[in-house]
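In what follows, a structure is listed as structure tokens, so that the remarks can point back to it.
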Amino acid sequence: MLHSVFISYSRRDSSWVDALVADLTRQGVRCWIDREGIPFSVPWREEVEDAVQACDLFLVCDSEHWRTSSACATEAAYAVTYGKVRLDVPVGRDVGAAAEETARAWRQAARRHGTATELAVRARDWDADGRTHKGLAHWRLRRKFDALRRQRDLSAVESAYIAASRRRTRRQSAVSGALTLLLLTAYLSGRVAPGVEKEVNRRLAVQADRFTDTRTALALIQQDPYRGLQLAAGLGSDESVADAEILEAALGADLPDDAFTLPVAGRRFADPAVGALVRVTAGDGTTWQRAAADRTRREAARAPAGAAPGVTHRAADAPAVRWQAGSARIQVFGGGEPLRTVVLPAAARGAARISPDQRWVAVPTDAGVALVSVSRGTVRDVLTGAHTPVTDVVWAAKGDRVWGLAGTAVLSWNLADGQVLLDRPGEWFTDLLPAGDPAHLWVTGRDGQLRLLDADSGEVVRTVKVQGGIGLAAGDPAGRHAAVTWSLEPSLHVVDLATGTAAPVALPSGCHPGRPGYAHDGRHLYVPCLQSDVLVVDAGTLRVTGRIGVPAPGVTALAPAPSGDGLFLATLNGEIYSAAPGSAPVLLHRVGCAPDIEAIATAPGPRILPVGTGTGVSGCTQLARPQGHGGYHWDSLMDAPPDSVLALGAAYDPTGEAFAIGYSDGTLVLHPSGNAMPRQVLTHVPGGIRSLLTLPGPPGTPGSLYAATREGAVVRVPWCPSCLSNKAMAKAAGLRLLRDRELGLTTLRPPATPTPRTST
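In terms of full-length UniProt numbering, the sequence shown opens at residue 1 and continues consecutively.
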């Protein structure tokens with residue numbers, strides 16, 4: 001963002017604020033003010049948060065109207081969260097004097113931020129140009145940009161821009177090194193023993209063939225996903241990364257899991273939503289139907305004359321979608337006003353339909369059925385597998401399935417990634433906390449409610465209300481208390497989950513609490529003060545009993561060590577520390593891309609997985625596994641979020657054999673802990689993931705993974721570490737291909753035995 005002063009004001013004071021902004025503009029001070037800076041297609045809260053995060057000075061136009069405005073309170077809370085320099089100027093004061101004071105404060109703040117404006121401009125232009133190599137920073141400038149991480153939070157685009165600049169520098173260095181090596185090889189080629197030269201050439205040829213085979217396989221999967229499944233089903237003879245990449249891509253293609261045929265070509269679905277029956281109106285005016293749950297029936301039957309219309313799901317205030325056949329754009333309207341403009345992967349062929357929960361839009365296109373997230377305005381998935389273009393779609397009444405009409409074929413795609421336990425589309429969940437027994441869990445919301453859920457059914461057993469709203473939360477291991485920060489002011493309260501009473505923790509002046517954490521024994525509560533120390537609070541008396549000093553810029557995430565005798569701490573610039581009781585923190589590692597860590601997951605060993613802003617950038621996620629003599633080995637892994645680099649949740653399964661990362665776009669990625677591939681990428685979780693929690697299952701089972709999202713959903717996903725192997729995924733590909741063959745979607749069969757591939 002190019003604005004240097006964020007103007008927080010009440011619209012009732014617009015006359016005075018307009019004069020102040022005009023005076024500041026004449027002095028060359030750049031201002032951000034919401035009536036000019038927010039396009040209609042972007043949700044207000046997200047844009048305001050981005051603007052506050054990027055500003056140099058947060059200016060409060062103080063008045064009674066400002067102090068009673070909930071919108072202004074939200075802006076002020078963001079300023080506290082990001083540690084912004086704040087200046088209060090009373091409304092009604094002499095405009096010239098107020099402008100002079102503001103300009104002086106801005107210049108002082110701007111000096112501390114240095115090259116921030118240049119980074120913002122370069123990152124914006126780079127993103128607008130499609131993230132090409134054009135405009136990337138050279139290595140000296142990139143180092144200056146990297147230094148900004150110690151001064152302020154970077155946006156996702158800025159982090160991605162720095163990472164892309166770093167990768168280009170590395171590529172340039174690699175090319176230079178390769179040329180040097182080539183010249184050296186040419187010089188020495190006549191001096192090396194013939195046998196050594198032959199072995200080197202053989203290995204290089206094998207690696208080149210393997211790379212070519214993998215690229216060819218990925219192209220085949222994109223062109224014909226059924227042949228891709230056949231290819232994947234023949235793998236699994238080894239656990240190579242190349243085979244894992246092919247298996248992941250083949251199983252990642254969303255193909256129908258149900259289908260039936262019509263005796264004549266269909267024209268449209270007869271009902272606005274599918275309930276017990278799937279009904280289609282044919283081109284000749286007849287209506288045909290099949291029971292939605294009868295997945296063994298492959299043909300439709302004639303609908304009786306005068307059949308009543310099926311179920312509807314559209315509410316009076318539901319968003320509307322405007323589309324045009326042949327165009328690759330759709331518009332989403334809310335309350336009669338344009339909300340989103342979405343670019344599709346190909347031209348639309350039929351009507352765009354909104355899901356019953358109003359979170360998704362399904363659009364038939366030339367490339368398949370595009371699945372659009374309403375909240376993000378992005379295409380999250382493309383449903384493929386129809387042999388002729390899909391011309392009409394309809395949602396199941398429960399919202400877990402899309403039906404498509406393609407000529408005489410009716411196809412259905414299952415969109416349920418796990419079981420939705422709690423569904424409150426109008427709410428924003430923040431954290432998942434353990435309860436007193438593994439049969440239940442707590443979910444917290446920004447509205448201040450803590451709900452106790454049955455871990456199997458999702459039934460709300462109890463509700464506790466906290467005044468002031470909830471920003472961040474942590475639960476003690478026994479499930480008796482929850483430590484919560486309020487969403488609109490820098491405070492910390494401990495809630496007795498049995499009685500619902502909340503007691504404040506007396507924090508020292510200047511402490512803006514981040515996400516707290518309890519010790520394994522529940523006796524202590526650790527509270528990171530943003531840009532300051534970590535406080536040690538006695539969980540019984542709620543008194544601060546100690547401090548853990550940390551280097552600047554302060555701790556943003558913490559997690560108790562699995563052994564129970566220490567902490568892992570993470571900072572804004574990607575540093576990971578170990579803090580033992582009574583000792584100064586010890587630096588363990590600096591994550592290569594210097595992401596802003598938002599959460600740390602741990603497992604016995606110990607294993608350590610820090611995630612945050614920027615870890616979604618290719619190669620920037622790093623995790624530690626134990627090495628001899630108490631040391632750690634840090635591995636970089638390639639993750640697969642479609643359109644997000646912000647990870648806010650992470651968790652290991654109880655055995656430490658698998659881990660999960662949840663992204664702000666709703667992507668949930670499951671990895672094996674060994675070589676981190678093959679991955680299972682879930683893209684249909686409703687809403688950006690804010691928290692992950694693992695609960696153990698019955699003896700002998702791996703338990704379940706729970707995700708809470710900002711769109712009011714709690715989803716349970718079964719853990720299956722043994723499913724995350726090439727052998728297991730090849731078997732899954734074969735079973736899926738057999739099912740598609742039963743549906744009449746393909747005539748291909750899986751190979752009888754896996755095909756071994758040469759590896760090096």
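Cβ atoms here follow ideal geometry from the backbone N, Cα and C, with glycine treated the same way. The structure presented is a predicted model; accordingly, all values stated were derived computationally and were not measured.
Would you tell me roughly how many angstroms separate the C-alpha atoms of S673 and R547, rounded to the nearest one?
For the purposes of this step, residue 673 is taken as residue 673 along the sequence shown, with counting starting at 1. For the purposes of this step, residue 547 is taken as residue 547 along the sequence shown, with counting starting at 1. The straight-line gap from Cα to Cα measures roughly 34 Å.
Starting from the Cα of S327, find the closest Cα among L231, A253, A732 and T365 and give me that residue.
The residue given as residue 327 occupies position 327 in the sequence shown. Minimum Cα distance to S327 is reached at T365.
Closest to V157 by CA distance: which of S636, D271 and D127 is it?
For the purposes of this step, residue 157 is taken as residue 157 along the sequence shown, with counting starting at 1. Measuring from the Cα of V157, the nearest candidate turns out to be D127.
Identify which residue in P585, L743 and T430 has its Cα closest to the Cα of G687.
In the sequence shown, counting from the first residue as 1, residue 687 sits at position 687. The shortest C-alpha separation from G687 is found at T430.
Should V17 be labelled buried (16 or more other beta-carbon atoms within 10 Å of its own) or exposed?
If you number the sequence shown from 1, residue 17 lands on position 17. It counts as buried.
In chain order, what are the residue ranges of uninterrupted alpha helix (DSSP H) at least 4 long that sit wholly in the stretch 218-249?
With a minimum length of 4 residues, the continuous alpha helix (DSSP H) runs that stay inside the stretch 218-249 are 225-233.
Is it the case that the Cβ atoms of A291 and A276 are separated by a distance below 8 Å?
As a first step, residue 291 must be located in the sequence shown, where it is residue number 291. As a first step, residue 276 must be located in the sequence shown, where it is residue number 276. Yes, these two residues count as a Cβ contact at 8 Å.
From this set, G335, A352 and Q680, which residue's C-alpha is nearest A733's C-alpha?
Working through the sequence shown from its first residue, we reach residue 733 at position 733. Measuring from the Cα of A733, the nearest candidate turns out to be Q680.
Starting from T413, follow the alpha helix (DSSP H) in both directions and report where the run begins and ends.
In the sequence shown, counting from the first residue as 1, residue 413 sits at position 413. Checking the sequence, you will find Trp at residue 413 rather than Thr. Here W413 belongs to no alpha helix (DSSP H); instead the beta strand (DSSP E) covers A409 to N414.
Let's test the definition: count the other Cβ atoms within 10 Å of the Cβ of T747 and tell me whether it reaches 16, buried, or not, exposed.
As a position in the sequence shown, residue 747 is number 747, starting the count at 1. The residue in question, T747, is exposed, as its Cβ has fewer than 16 Cβ neighbours within 10 Å.
What did DSSP end up calling D596 once you bin it into helix, strand or coil?
Translated into positions along the sequence shown, residue 596 becomes position 596. Three-state DSSP puts D596 in a strand.
To the nearest angstrom, report how far apart H387 and L218 are at their CA atoms.
Indexing the sequence shown from 1 puts residue 387 at position 387. Indexing the sequence shown from 1 puts residue 218 at position 218. Each residue's Cα considered, the two are about 20 Å apart.
Within the continuous beta strand (DSSP E) that includes A19, where are the two ends?
In the sequence shown, residue 19 corresponds to position 19, counting from 1. It is not in any beta strand (DSSP E) - A19 instead sits in the alpha helix (DSSP H) that spans S14 to R26.
According to DSSP, is W719 part of a helix, a strand, or is it coil?
If you number the sequence shown from 1, residue 719 lands on position 719. W719: coil per DSSP, three-state reduction.
Using CA coordinates, which residue listed in I7, L497 and T102 is at the minimum distance from Q27?
Within the sequence shown, residue 27 is the residue found at index 27, counting from 1. Comparing Cα-Cα distances from Q27 to each of I7, L497 and T102, the minimum goes to T102.
I'd like the list of long-range same chain contacts for V372, defined as Cβ closer than 6 Å, with 5 residues on each side in sequence excluded.
Locating residue 372 in the sequence shown gives position 372, counting from the first residue. The answer, listed in chain order, is V342, V361 and V379.
Rounded to whole angstroms, what's the CA-CA distance from L229 to A244? Just pull it up for me.
Start at 1 with the first residue of the sequence shown, and residue 229 comes out as number 229. Start at 1 with the first residue of the sequence shown, and residue 244 comes out as number 244. Rounded to whole angstroms, L229 to A244 spans 13 Å at the Cα level.
Just to confirm my understanding: we take P39, look at its own chain, exclude 5 residues before and 5 after, and list those with CB closer than 6 Å. What are they?
What you label residue 39 is simply residue 39 of the sequence shown in a count that begins at 1. The predicted position of P39 is uncertain, since its pLDDT is 42 and thus under 50; a value taken from the coordinates is nonetheless stated next. Result list for P39: empty, nothing under 6 Å.
Please classify Y161: does DSSP put it in a helix, a strand, or coil?
One-based indexing of the sequence shown puts residue 161 at position 161. Here Y161 sits in helix by DSSP.
Quick one: Cα of residue 761 to Cα of A584, how far?
Because the chain spans 1 through 760 in this model, residue 761 falls outside it and cannot be assessed.
Report the start-end ranges of each alpha helix (DSSP H) in the stretch 695-755 that is 4 residues or longer and not cut off at the edges.
Runs of the alpha helix (DSSP H) inside the stretch 695-755: 726-742.
Looking at E427 and G445, is the spacing between their C-beta atoms short of 8 Å?
Residue numbering aside, residue 445 sits at position 445 when the sequence shown is read from its first letter. Residue numbering aside, residue 427 sits at position 427 when the sequence shown is read from its first letter. The answer is yes: Cβ separation under 8 Å.
Could you compute how far the alpha carbon of V264 sits from the alpha carbon of A301?
Position 264 of the sequence shown, counted from the first residue, corresponds to residue 264. Position 301 of the sequence shown, counted from the first residue, corresponds to residue 301. V264 and A301: Cα-Cα distance of roughly 12 Å.
Ordered along the chain, which non-local residues of its own chain (more than five positions away) have a Cβ less than 6 Å from that of V645?
Indexing the sequence shown from 1 puts residue 645 at position 645. Excluding sequence neighbours, V645 sits near A156, A160, G614, G616 and V617.
Over what stretch of residues does the beta strand (DSSP E) that includes A362 continue unbroken?
Residue mapping note: residue 362 aligns to position 362 of the sequence shown, counting from 1. Run containing A362: W360 to T365, per the beta strand (DSSP E) assignment.
Once you ignore the five residues that flank T261 on each side, which residues in its own chain have a CB closer than 8 Å to its CB?
Position 261 of the sequence shown holds residue 261. The answer, listed in chain order, is R298, E299, A300, T408, A409, V410 and G744.
Excluding the 5 residues flanking A406 on each side, which residues of the same chain have their C-beta closer than 8 Å to its C-beta?
To locate residue 406, count along the sequence shown from 1; it is residue 406. Excluding positions up to five away in sequence, the list reads A386, H387, T388, P389, V390 and T391.
Taking E489 as the reference, which of A76, S457, A242 and Y706 has the closest Cα?
Position 489 of the sequence shown holds residue 489. The shortest Cα separation from E489 among A76, S457, A242 and Y706 belongs to A76.
So what's L251 in DSSP terms, helix, strand or just coil?
As a working note, residue 251 is residue 251 in the sequence shown. In this structure, L251 counts as helix in the three-state DSSP scheme.
According to the neighbour-count rule (16 or more other Cβ atoms, all chains shown, within 10 Å of its Cβ), is P256 buried or exposed?
Taking the first residue of the sequence shown as position 1, residue 256 is located at position 256. Counting Cβ neighbours within 10 Å, P256 comes out buried, since at least 16 surround it.
Per DSSP, T602 is paired with what?
Position 602 of the sequence shown, counted from the first residue, corresponds to residue 602. According to DSSP, which records beta bridges pairwise, T602 is partnered with I608.
Need the endpoints of the beta strand (DSSP E) that V591 sits in, please.
As a first step, residue 591 is located in the sequence shown; it is residue number 591 there, counting from the start. It is not in any beta strand (DSSP E) - V591 carries neither H nor E in the DSSP assignment.
Give me the Cα-Cα distance between L452 and V460, rounded to the nearest whole angstrom.
For the purposes of this step, residue 452 is taken as the residue at position 452 of the sequence shown. For the purposes of this step, residue 460 is taken as the residue at position 460 of the sequence shown. So the alpha carbons of these two residues sit roughly 6 Å apart.
What residue range is occupied by the uninterrupted alpha helix (DSSP H) comprising R67?
Residue mapping note: residue 67 aligns to position 67 of the sequence shown, counting from 1. R67 -> alpha helix (DSSP H) spans E64 to R67.
What does the Cβ neighbour count give for M729, buried or exposed, with the cut at 16 atoms within 10 Å?
Reading the sequence shown from its first residue, position 729 is the one you call residue 729. Burial call: buried.
For the beta strand (DSSP E) that T74 lies in, which residues bound it at each end?
Here residue 74 corresponds to residue number 74 of the sequence shown, with the count starting at 1. Note, T74: premise wrong, no beta strand (DSSP E); alpha helix (DSSP H) at S70 to T81.
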